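*Asks:*
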Amino acid sequence: MSNVLLLILNIILKPFVVLGGYMINSNSFPQPLTREEEEKYLKLYSQGDEKARNILIERNLRLVAHIVKKYNNTGKDTGDLISIGTIGLIKAISTYDSTKGTRLATYAARCIENEILMTIRSTKKTKFEISLQEPIGTDKEGNEINLLDILGTDVD
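Right under this line is the structure:
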């Protein structure tokens, strides 16, 4: 029974351990593809080879980690940003058109940044949002007052 449980935990937690290793040690990322390898795998992917797509994703994870470093001051978890950036990378690989004259990394960098920025903007508070629990001042005794404390009810 315990062996089965350990096996299940190993299967579930392995992706997180790998991602954590990527975040801690940037040398653990696979090396980027050469131009020839990139062209080869892009051609294979355009012919429907999913393994080529996975190789393109894995070998460009270093780019995601590099871009995520720019957004460390946003208050978002680095692991979350890497996940969001990886979604941008996947979208970039799926929509990349080599006939446009740009390299995959150049195109992917913009897609990764856009995905991260869209997520940050969607979760950012606007200047008009106010929480009822957010402190707005203190009373005469020094206790914090929030909007919920001063708003009246129907009984008042």
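Numbering of the sequence shown is given in our numbering, commencing with residue 22 and proceeding in unit increments. By construction, the Cβ of each residue, glycine as well, lies at the ideal position given by its N, Cα and C atoms. As the structure is a prediction and not an experimental result, all values here were calculated from the model.
Using only alpha-carbon positions, find the residue among D160, T159 and L125 that is nearest to E58.
*Replies:* Cα-wise, what sits closest to E58 is L125.
*Asks:* How is E59 classed by DSSP in three states: helix, strand or coil?
*Replies:* Helix, per DSSP.
*Asks:* Buried or exposed for L127, please, with buried defined as at least 16 other CB atoms from any protein chain shown within 10 angstroms of its CB.
*Replies:* Reading off the sequence, residue 127 comes out as Thr, not Leu. The residue is exposed, with fewer than 16 neighbouring Cβ atoms inside 10 Å.
*Asks:* Which class does G158 belong to by DSSP, given the choice of helix, strand or coil?
*Replies:* It is a strand residue.
*Asks:* Please list, in chain order, all residues of the same chain as I157 whose beta carbon is under 7 Å from its beta carbon, the five residues on each side excluded.
*Replies:* The residues are I166, N167 and L168.
*Asks:* I151 lies in the alpha helix (DSSP H); which residues open and close that run?
*Replies:* It is not in any alpha helix (DSSP H) - I151 carries neither H nor E in the DSSP assignment.
*Asks:* Name the DSSP beta bridge partners of N167, please?
*Replies:* Per DSSP, P156.
*Asks:* With distance defined between alpha-carbon atoms, name the residue in K97, K72 and R74 nearest to L138.
*Replies:* Per the Cα distances, K97.
*Asks:* For Y43, I'd like the list of residues in its chain whose CB is within less than 8 Å of its CB, leaving aside the five on either flank, ordered along the chain.
*Replies:* Reliability of the predicted coordinates at Y43 is poor, the pLDDT of 48 falling under 50, and the value obtained from them is presented with this limitation in mind. Correct list, in chain order: S49, F50, L82, A86 and I103.
*Asks:* What residues in its chain sit with their C-beta under 7 Å from that of T140, if we drop five residues either side in the sequence?
*Replies:* For T140, where only same-chain residues beyond five positions count, the Cβ hits under 7 Å are I105.
*Asks:* Measure the Cβ-Cβ separation of I133 and A113 and say whether it is below 8 Å.
*Replies:* Taking 8 Å as the Cβ cut-off, I133 and A113 qualify as a contacting pair.
*Asks:* Between the C-alpha atoms of I76 and T144, what's the straight-line distance to the nearest angstrom?
*Replies:* Each residue's Cα considered, the two are about 32 Å apart.
*Asks:* Alpha carbon to alpha carbon, how far is E60 from E136?
*Replies:* For E60 and E136, the distance between alpha carbons rounds to 24 Å.
*Asks:* Within 10 angstroms of its Cβ, does R80 collect 16 or more other Cβ (buried), or is it exposed?
*Replies:* Classification of R80: buried, given that the 10 Å Cβ count is 16 or more.
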